[in-house]
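Encoded as structure tokens, the structure appears first; notes follow it.
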Amino acid sequence: MTVLKNRRMMAGRPFSVKRCVAALMVLGFLSIFYYTHYLSSPIASLLMRRERKMVRMRPYGMCPHFQSTPPTDHRPPHQGSGDGRPRTDPKLLLLVETAYPRLGRELAETLVHNRLRYKMEVAGKSLPALTNLDKGRYSVIVFENYHRYLNMDKWNRELLDKYCREYGVGILGFFPPANRHMTGVKVKGFPLYLHTKLSLKDAMLNSASPVLRVARAGGVYQGPLPGDDWSVFTANHTTYEPVAWGSNSSGGQAEYVPLATVMQDHGMYDGISRVLFGNGLNFWLHRLLFLDSLSYLSKGLLSISLERQVLVDIDDIFVGESGIRMWKEDVHDLIKTQDRIRQLVPGFKFNLGFSGKYFHRGTWEENEGDDTILENVDKFNWFCHMWNHMQPHLYNNETHLEYEMSLNKAFAEAHGIPTNSSYSVAPHHSGVYPVHELLYTVWKKVWNIRVTSTEEYPHLRPARLRRGFVHRGIKVLPRQTCGLFTHTIYVDRYPGGLKKLDESIMGGELFQTIVYNPINVFMSHMSNYGSDRLALYTFESVFQFIRCWTNLKLVSSGPLELADKYFKMYPEEIDPVWGNPCLDQRHLKIWSYKKSCQHLPKFLVIGPQKTGTTALYTFLSMHPNISANIPSKETFEEIQFFNGRNYYKGLDWYMQFFPSNDSVDNKIVFEKSATYFDSDIVPKRVQALLPNVKLVTILISPAKRAYSWYQHAKAHGDPNTLKYSFHQVITANESVIPKSLRDFRNRCLNPGKYALHIERWLDYFHHNNLHIIDGDQLKSNPVDVLDQFQKFLKITPLFDYSSHIRYDAKKGFFCKVLESGGNKCLGKGKGRQYATMDTESYKYLREYYMPYNTALVKLLRKLEHTTIPQWLKDDLSYSST
């Protein structure tokens, strides 16, 4: 009986284990179902309501009650000389201590951000040139260390003071931090006294000061001022007037005792206006006063606008994980805050960018929030994002991209969302820059997009260098960040907490962004308006703070109007400057995986024309380790990308001439366009896209080059050659000749000013990147020239050109040797025979090019060229006698 019982127990164990395993599997499946479906499914979310804890914050509302005077117009009624023109250029001279100054760098960055022209020089024994003919070069002189001015030698001090008095130029100076506390130190040569090494608090501006323009006086900015190395001023002359005060933080006074931290010198003591700072730019009010001082001292020539356009985009509407989306109450608060902001910023509306696929993909409360947004469609402005929030650069098929955009448009039309804004923002700014041409094509086709924005042009950082551009009729505005991103939704998780966010709002990065940029397009995300509603707090607070402490006028307009204003304000930005996507990791992440920088050219033959560039191109194409671009149907072997209309076709168009295939892999790729050499804009464009590229130029006698170019134009039937002889062209008076002849003459003569053009290239490239070929040597002894060029490119082993090219007596130059034993020479257009240049023209051109050839000799010696070309020696040996 006992044995039977034990057998039954043992038989029951496997059965019990199986049931346990089965139960665990069912429980696991239910858990997975619950977390992946029940919590996020739109249907399941209707069955539950989740509690959430929210931190609600009041926006900054400490605006002082005061009567502020209107901003000062620093421009005099009749500025400048007798004809009403200013006597100085709108530019400042910044004199710094060293080549890498800390304060000087901050000053320069502020000037760049505000697009104020300046020249920075290390203060030395001599001053840079201050005048150009009868006009002053600078409207303000800025000293990073004012002691440099006070201790100048007598000659330079008198020279600078005379310039300031004669041209009405002001001086702005910063006193550096002192090593120890000193009281009543007399400023050398002036009735002004300095008290150093102080800790201050509670800043206040002098509402009566004529310096104030952007900065608004009246209240007290309470709290300690940054640093413990402040200097303050006292004076016993009426020429001095405080601009700003602080209070000694170590004192125990109950009432405010003002200490002058910024002092204005009206110029009554020695005839020169000044503004002096007792500290640098660490305190945000000093940044405003720095701009105001420049405006005041330059009599308005170095002023910034007082109007600020603001547009706040909310990306990712309907997008976001369950739990961080907006509820009904969030939408109502959004509308209420928008109404309050409109009192500070006339015309303000949040601009909502939607992705329809994710509508009703949240919890019950979040889906209710989606519905509330659509119930209030007319309360906001709208723009299309992407249906599925996918990055456009991942699409390589126009039909697929068009389909996705059409789905979002159909969603908008079905829910009453306006579709006529002509504005769009791509997810993560993908495809905008670096440009994905497919995006621009489909944007136009589906949405008629005319304006977009990005934070990536030319790079995300530094923000002060963000710019706009126009491509294929679509205006691209620079976009600004506000310190909030998709993951910054809770105040207790904000990096640095509320204190850090408030620092950005109250004089910090966000505040300065608005002050420095006349047009601001801000990026934010739907998640920033749920949870702790950080975006509402941030924007309302910063707008309130700007109203309190500045005279800036905040207004809001739609994207189309903003774009028109922006490019009217900065027309020089209309033309893009294409950068290299492979040199920016952020750009690589939003660039098509099918594209590569590997086959962009490693060297460029830049010209000039009629010096032998086509011969060099032919010889280089024979090299087994060198590969040229694919020929263009319009311009043959020359792409002419960087200097013509082709540049506006974009980087994708350029890269199609350098395809990736087995025949060119591991080869040195090059491009030849002879018109690059003398173009003003080409060096900058080349440097942006190909910063490490090698450059090759060929030089011959500029007189012979000009004559050859004329004969080339004549052979191609240029009408100017039918009307005018070569001598008439080169000797024509530019001031009286027709424009067509003037342009023709310039194209004939200007490329021969070799030193001028080479110096321009050297502004953007190191001289080690430049290889200069003697064109006469290329014609008479190409093998040696090509050997030297291979060494310049560091090609090993050298390709033996002596067995691949030889002189053709009939043509008069070297040609390619064919396997059959014959020669293959350039076409009939090359090596063309024509009459010798007449003596008078040759004499005229030698005289004309004399100063440019002299400059070329100096440049070649500076570049450590061991030999001077014989043609250059011959041209310079000419004597008019």
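Using UniProt numbering, you'd call the opening residue of the sequence shown number 1 and step up by one each time.
The beta-carbon is built from N, C-alpha and C at its ideal position, and this holds for glycine as well.
A Cβ-Cβ distance of about 7 Å is found for the pair Asn-823 and Arg-806, placing them in contact under the 8 Å criterion.
Two segments are said to touch when three or more pairs of C-beta atoms, one from each, lie closer than 8 Å; by this definition the region 511 to 524 touches the region 469 to 480. The Cβ atoms of Leu-438 and Leu-401 sit closer than 8 Å to each other.
In the displayed model, Tyr-118 falls within a strand according to three-state DSSP. Secondary structure at Cys-384: strand, using DSSP grouped into helix, strand and coil. In the same chain as Gly-416, and ignoring 5 residues on each side of it, the C-beta atoms closer than 6 Å to its own belong to Val-377, in chain order. In this structure Thr-98 is exposed. Its beta-carbon is surrounded by fewer than 16 other beta-carbon atoms within 10 angstroms. Scanning the region 201 to 245 from its first residue to its last, the whole beta strand (DSSP E) runs of 3-plus residues come out as 220 to 224, 230 to 235. Bridge pairing for Asn-351: Asp-313, Asn-381 [DSSP].
Exposure of Ile-630 is indicated by the presence of fewer than 16 other C-beta atoms within 10 angstroms of its C-beta.
For Gln-656, the three-state secondary structure derived from DSSP is coil. With contacts defined as CB atoms closer than 8 Å, Met-204 and Pro-258 qualify as a contacting pair. Annotation for Ile-519: the continuous beta strand (DSSP E) segment containing it runs 519 to 525. Residue pairing by DSSP puts Val-262 in a beta bridge opposite Ala-244, Phe-277. Annotated as proximal: Arg-685 and Phe-642, with beta-carbon spacing under 8 Å. Boundaries of the beta strand (DSSP E) around Cys-815: 813 to 817. If you compare the alpha carbons of Asn-769, Lys-811, Leu-876, Pro-559 with that of Leu-863, the shortest gap goes to Asn-769. Bounds of the alpha helix (DSSP H) holding Asp-339 are 328 to 344. For the set His-113, Ile-639, Arg-137, the Cα lying nearest the Cα of Leu-92 is the one of Arg-137. Nearest C-alpha to Arg-213 among Leu-374, Trp-549, Gly-320: Trp-549. Each residue's CA atom was taken as its position, placing Ala-244 and Glu-158 some 30 Å apart.
Residue burial is scored here from C-beta neighbours: Ile-314 has at least 16 other C-beta atoms within 10 angstroms and is therefore classed as buried.
In the DSSP assignment, Gly-369 falls within the unbroken alpha helix (DSSP H) covering 364 to 375. Contact check for Tyr-193 against Phe-174 fails: the beta carbons are separated by 8 Å or more. Under the three-state reduction of DSSP, Glu-255 is assigned to coil, being neither helix nor strand.
Here Ile-489 is buried, its C-beta having at least 16 other C-beta atoms within 10 Å.
Closest option to Arg-361, judged by alpha-carbon separation, among His-393, Glu-572, Ile-317, Ile-449: Ile-317.
One thing to note: Pro-176 has its Cβ no nearer than 8 Å to the Cβ of Asn-236. With respect to the C-alpha of Glu-503, the residue from His-436, Ser-322, Asp-874, Asn-282 having the closest C-alpha is Asn-282.
Excluding sequence positions up to five before and after Leu-334, its CB lies within less than 6 Å of the CB of Tyr-529, all in the same chain and listed in chain order. Between the C-alpha atoms of Phe-545 and Met-506 there is a straight-line separation of about 6 Å. When secondary structure is reduced to three states using DSSP, Ser-303 falls in the coil class, being assigned neither helix nor strand.
Under the three-pair Cβ rule at 8 Å, the region 574 to 582 does not count as touching the region 668 to 676. Burial check for Ser-802: the Cβ neighbour count within 10 Å stays below 16, so the residue is exposed. In summary, Gly-650 is buried, with 16 or more beta-carbon neighbours lying within 10 Å of its beta-carbon over all protein chains present. For Tyr-423, the pairing in a beta bridge is given by DSSP as Val-451.
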